[in-house]
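Residues 28 to 186 in this note's numbering are what the sequence shown spells out, letter by letter.
For each residue, glycine too, the CB sits at the ideal point set by N, CA and C.
From a predicted model like this one, the values you see are computed outputs, not experimental measurements.
Working notes for the structure below.
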Amino acid sequence: MNKALVAYFSASGVTAKVAAKLSEAIGADIFEIKPKVPYSSADLNWQNSESRSSIESKDPGSRPAIAEKVDNMDQYDLVFVGFPVWWYREPSIIDTFMESYDFSGKKVVPFATSGMSPIGDSGKNMQALASGASVAAGKRFPSNVSAGELKEWAVKNSQ
28 MNKALVAYFS ASGVTAKVAA KLSEAIGADI FEIKPKVPYS SADLNWQNSE SRSSIESKDP
88 GSRPAIAEKV DNMDQYDLVF VGFPVWWYRE PSIIDTFMES YDFSGKKVVP FATSGMSPIG
148 DSGKNMQALA SGASVAAGKR FPSNVSAGEL KEWAVKNSQ
């Protein structure tokens, strides 16, 4: 497998657990995509149309700032990008991440966590933000996915 990075955004900790399991299973570096302004539980209330996450999801131009950058993104050929599914797509902070680096010549593989919502068009959305990259369609995983299943999926998608 190429030099790999698992980058992830996790609002509640579920995606963080899956990302850590994936990173360990494939021997990849790991990076947490942290918002410059952390999300509060009120910000994440999807039932409130005025919550921060609801407002960001409705605005295709929303780009929440990221607190830190990946050191030397150039060293990675393969980047797994993990996130929770918000309104059937990737959260806006993932769009910020995709626009923050030159992914030319890299393979980007999205993965998402959700109880039931599909990953939707996240791969297509991310491809539009990463010209020159090869962005896979991605896959949604439940919180209890096994390390073996993650490794098998990652190896298949690293080709």
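Measure the CB-CB distance between residue i and residue j and report whether it falls below 7 angstroms.
| i | j | result |
| --- | --- | --- |
| ASN29 | ASP104 | yes |
| TYR130 | VAL33 | Here residue 130 is Phe; the residue named in the question, Tyr, does not match the sequence. No, Cβ-Cβ distance for PHE130 and VAL33 is not below 7 angstroms. |
| ASP190 | SER81 | The displayed coordinates of the chain run from 28 to 186. Any statement about residue 190 would go beyond what the structure contains. |
| ALA147 | PRO137 | Per the sequence shown, residue 147 should be read as Gly rather than Ala. No, these two residues do not count as a Cβ contact at 7 angstroms. |
| ILE57 | SER50 | yes |
| ILE53 | LYS178 | yes |
| VAL41 | PHE168 | no |
| ILE121 | PRO91 | no |
| ALA163 | LYS133 | no |
First and last residue of the beta strand (DSSP E) that includes residue i?
| i | result |
| --- | --- |
| GLY109 | 105-111 |
| LYS166 | 166-168 |
| PHE58 | 56-59 |
Does DSSP classify residue i as helix, strand or coil?
| i | result |
| --- | --- |
| ARG90 | coil |
| LEU32 | strand |
What does residue i pair with, by DSSP beta-bridge criteria?
| i | result |
| --- | --- |
| VAL135 | VAL106 and VAL162 |
| PRO145 | Per DSSP, none; premise fails for PRO145. |
| PRO62 | ILE93 |
| ARG79 | According to DSSP, ARG79 bridges with nothing at all. |
| THR140 | PRO111 and PHE168 |
Between which two residues does the alpha helix (DSSP H) containing residue i stretch?
| i | result |
| --- | --- |
| ASP122 | 119-126 |
| GLN154 | 149-156 |
| GLY175 | 174-184 |
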